[in-house]
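See structure below.
Residue numbers (our numbering): 9 to 277.
In structure tokens form, the structure reads like this:
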């Protein structure tokens, strides 16, 4: 064998195998260990997660309690009394919303009015109210039965503490009902006197029930001239004045529903 070929073979025999290089996919170094951030780190820490949740729940309960105490629920529905409206000619016998606590004591009743008027005497009534007092000159000569009953009840203090249970501004102010709803009376009724007097401003007439001519204790004061009350109508009979306000018309003009009749004192001359 030629020496050159022999040396080439010997050279191959003496060579060491080359080491293989390993490469990662993408040629990058191995990634570091994963560390979760907020808020995942809280969720993975069970004890810390539940502790924070408990604190939040307690705080929410406290806040809700504070808000509830500052804003209590009020389911009450306030109520408002209706106001009277005029349609055509108002009815002086109509009644507005009844007032409460009409009289501090139960009303007394009578079978009839005693005869108290004396012939030839003049009678005036001083009415004391929450708004002041006014005086009524009574027409004993024109309406003897009506004035006699009114004076009798006043002397019995029947009217003391009763209310003006119905007041229609610029029409009439009505009082004298122990029930305060337009249905009360003294226990008796009588046929009122007829006369030629008109329902002018300041005159006082008796209140009737519907289209009847009998009366009891209820009366009304005309707050203006009311010619419609001087004739009979389908729903109401004519009203006959038995007195007129001679002083204190400014007090009468200020009367409101619910004002109290403190007393009625009768003077005889």
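Cβ coordinates follow ideal geometry from the N, Cα and C atoms, glycine included.
From a predicted model like this one, the values you see are computed outputs, not experimental measurements.
Query, Result
"Alpha carbon of residue 244 to alpha carbon of residue 276, nearest angstrom", "33 angstroms"
"Opening and closing residue of the beta strand (DSSP E) in which residue 237 lies", "Residue 237 -> no beta strand (DSSP E), and no H or E assigned at all."
"Best match in 186, 178 and 157 for proximity to residue 169 [C-alpha to C-alpha]", "186"
"Rounded separation between residue 224 and residue 255 - CA only", "25 angstroms"
"Residues near residue 208 in its chain [Cβ-Cβ closer than 6 angstroms; skip 5 each side]", "233"
"Exposure label - residue 249; buried when at least 16 CB within 10 Å", "buried"
"Residue environment, residue 133, which counts as buried when at least 16 other CB atoms sit within 10 Å", "buried"
"Bridge partner(s) assigned by DSSP for residue 124", "Per DSSP, none; premise fails for residue 124."
"Distance between beta carbons of residue 274 and residue 180, contact taken as under 8 angstroms", "Contact flag wrong, Cβ pair sits at about 22 angstroms."
"Residue 267, buried or exposed, once every other Cβ within 10 Å from all chains shown has been counted against 16", "buried"
"Closest by C-alpha distance to residue 251, when choosing among 125, 163 and 150", "150"
"Of the listed residues 206, 192, 227 and 272, nearest to residue 117 (C-alpha basis)", "192"
"Run of the alpha helix (DSSP H) containing residue 152, from where it starts to where it stops", "152–163"
"Cβ separation of residue 270 and residue 136, assumed to be a contact under 8 angstroms, to the nearest whole Å", "4 angstroms"
"For residue 145, the three-state DSSP class (helix, strand or coil)", "strand"
"Under the three-state DSSP convention, the category residue 181 falls into", "strand"
"Beta-carbon proximity list for residue 197, same chain, < 7 angstroms, skipping 5 on both sides", "222, 223 and 224"
"Where residue 123 falls, given that 16 or more other Cβ within 10 Å makes a residue buried", "exposed"
"One or two residues paired with residue 222 in a DSSP bridge", "199"
"DSSP-derived helix/strand/coil call for residue 258", "helix"
"Buried versus exposed call for residue 230 [16 or more other C-beta atoms within 10 Å across all chains shown]", "buried"
"Three-way DSSP call (helix, strand, coil) for residue 265 in this model", "coil"
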